[in-house]
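In UniProt numbering, the protein residues as written are 1 to 392.
Note that CB positions come from ideal geometry on N, CA and C, so glycine has one too.
Predicted model only: the values in this text are computed from it and were never measured.
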Amino acid sequence: MAKGMRVKLVYEVSQDPDTGVEVTRLTPPEVTCHRNYFYQKCFTNDGSKLLFAGEFDGNWNYYLLDIAAGEAVQLTEGTGDNTFGGFLSPDDKSLYYVKNERTLLEVNLETQVEREVYRVPADWVGYGTWVANSDCTKLVGIEISKDDWVPLNDWKIFHDFFHKGPHCRLLRVDLQTGESAVIHQEKNWLGHPIYRPFDDNTVAFCHEGPHDLVDARMWMVNEDGSNVRKVKEHAEGESCTHEFWVPNGSSLIYVSYLKGQQGRTIYSYNPETGVNAEVMQMPACSHLMSNFDGTLLVGDGSGTPVDVKDTGGYTIDNDPYLYAFDVAKKAWFRVARHDTSWATFANSRQVTHPHPSFTPDDSAILFSSDKDGKPALYIAKMPANPELISAK
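Here it is as structure tokens:
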């Protein structure tokens, strides 16, 4: 198959056995398919089309699904697509993604014509998820020294890489000219660079590695490289993870959990005041994402985290549910079972992760799961009259 080819998908619709909501599997369970990273744009603005990754021809490539028609058009081809970091532009005209850890490309959604935006220098490797500003005029990304780089295919390598102290740099790239500038660099594993929405001066990033070993997970820096600061000083036995900006830019939300405890806590960081505030307690979810204004959150129940060193100290029961959180009511409810294995699959640590997020109208939740075979995409409708459970 090649760019422009079309794939007809046959959906499977079922009712969740525990909540009764309608769950639609969009992709076939015999073909590896997954969604992009949870805070990257994947739906067109009207919710009618969905960006996803599929292995229909032996390579993991990007496809754009017309949801009503059940037909997906192939947008990229060949090997080397970073199928987690890609995103749709705000005007729904382009896909941006990194290929072979080397080239940032723009794909015209109508013609599938590609334009090289930026090429990573030969002595560096393009790593992780690269994120655009709200106007999609530039993005921030991480490059790692080629001398330090190893493919991070499993969790043992993940742990070992942290101790290497790789030379990393946070950079910005102009999406029109391809011009780049280094914002910040250090001999420390950096990840998750994210522009604050509607505020190009503020960039969040993280110190990556086992959550119980990093000095502090979340950091901020001004776009000109000044004022590097911690978001939060970790308490004794505390780990923080999966931070994201509320899409309206109002706050940074993240998950906090403590050694020896089953539950977790949702926190919100105000970038104007520098204050961290507890939002509510929650079940043991891994990833969180919000709707546009942060009034609703969605999370994926998980088990013992693999991205810590002391797994014995952080052992928890596996939780197979997707949860929604009403921030104003400080309450949550089960939406549906995701039942994913969380296993490393096909040399990917991420492909079986649910990475849930809302559809543009907040009526349903998109997620990945391997519950029916290979990883696939699902959409679960939000329950009409959910049973709210108040957070303690």
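Cβ-based burial, residue i [other Cβ within 10 Å; buried from 16]
{"i": "asparagine 100", "result": "exposed"}
{"i": "threonine 340", "result": "buried"}
{"i": "serine 290", "result": "buried"}
{"i": "alanine 2", "result": "exposed"}
{"i": "proline 193", "result": "buried"}
{"i": "asparagine 36", "result": "buried"}
{"i": "threonine 19", "result": "buried"}
{"i": "proline 151", "result": "exposed"}
{"i": "threonine 79", "result": "exposed"}
{"i": "lysine 8", "result": "exposed"}
{"i": "asparagine 45", "result": "exposed"}
{"i": "aspartate 370", "result": "buried"}
{"i": "glutamate 236", "result": "exposed"}
{"i": "histidine 163", "result": "exposed"}
{"i": "arginine 229", "result": "exposed"}
Residue j beta carbon less than 9 angstroms from that of residue i
{"i": "aspartate 135", "j": "histidine 167", "result": "no"}
{"i": "alanine 343", "j": "proline 386", "result": "no"}
{"i": "cysteine 240", "j": "serine 250", "result": "no"}
{"i": "glycine 128", "j": "glycine 85", "result": "yes"}
{"i": "threonine 103", "j": "glutamate 116", "result": "yes"}
{"i": "phenylalanine 205", "j": "valine 98", "result": "no"}
{"i": "tyrosine 96", "j": "glutamate 106", "result": "yes"}
{"i": "tyrosine 269", "j": "valine 231", "result": "yes"}
{"i": "valine 173", "j": "tyrosine 118", "result": "yes"}
{"i": "aspartate 81", "j": "asparagine 61", "result": "yes"}
Residues of its chain near residue i, where Cβ-Cβ distance is below 6 angstroms and the 5 sequence neighbours each way are ignored
{"i": "asparagine 248", "result": "Phe292 and Asp293"}
{"i": "histidine 34", "result": "Ala53, Val351, Ser368 and Pro375"}
{"i": "proline 360", "result": "Phe43 and Gly47"}
{"i": "isoleucine 266", "result": "Val279, Met280 and Met282"}
{"i": "arginine 196", "result": "Thr202, Trp245 and Gly249"}
{"i": "phenylalanine 38", "result": "His287, Met289, His355 and Ser357"}
For residue i, the residue or residues it bridges with in DSSP
{"i": "valine 327", "result": "Answer is none; valine 327 lacks a bridge partner."}
{"i": "serine 368", "result": "Leu377"}
{"i": "asparagine 222", "result": "Thr202"}
{"i": "valine 11", "result": "For the sequence presented, residue 11 should be read as tyrosine rather than valine. Answer is none; tyrosine 11 lacks a bridge partner."}
{"i": "lysine 187", "result": "His167"}
{"i": "alanine 181", "result": "Arg172"}
{"i": "threonine 265", "result": "Ser256 and Gln281"}
Residue-level contact to chain C via CB, residue i, 9 angstroms cutoff
{"i": "aspartate 199", "result": "Protein chain content of the structure displayed is limited to a single chain, and chain C is not contained in it."}
Neighbourhood of residue i by C-beta distance below 8 angstroms, restricted to the same chain and skipping five residues each side
{"i": "glutamate 30", "result": "Gly373 and Lys374"}
{"i": "alanine 122", "result": "Lys146"}
{"i": "valine 23", "result": "Val13, Ser14, Gln15, Asp16, Ala336, Tyr378, Ile379, Ala380 and Lys381"}
{"i": "lysine 330", "result": "Val279, Met280, Ser390 and Ala391"}
{"i": "leucine 175", "result": "Tyr96, Glu106, Val117, Ala132, Cys136, Thr137, Lys138 and Leu139"}
{"i": "leucine 296", "result": "Ser290, Ala324, Phe325, Asp326, Val327, Phe358 and Asp362"}
Spatial neighbours of residue i in its chain, beta-carbon cut-off 7 angstroms, leaving aside the 5 residues before and after
{"i": "asparagine 188", "result": "Gly165, Cys168 and His207"}
{"i": "alanine 284", "result": "Gln262, Gly263, Arg264, Gly301, Ser302, Ile316 and Asp319"}
{"i": "asparagine 201", "result": "Asn222 and Glu223"}
{"i": "histidine 242", "result": "Tyr254, Val255, Ser286, His287 and Leu288"}
Inset, instruction - Any chance you could list the beta strand (DSSP E) runs of at least 3 consecutive residues sitting entirely within the segment 87-136, in chain order? - result: 94-99, 103-108, 114-119 and 124-132
Inset, instruction - Please specify which runs of the alpha helix (DSSP H), each continuous and at least 4 residues long, are wholly inside the segment 15-102, giving them in chain order. - result: none
Inset, instruction - Could I get the ranges of all uninterrupted beta strand (DSSP E) runs contained in the segment 213-263, with 3 residues as the minimum, in chain order? - result: 218-222, 238-245 and 252-258
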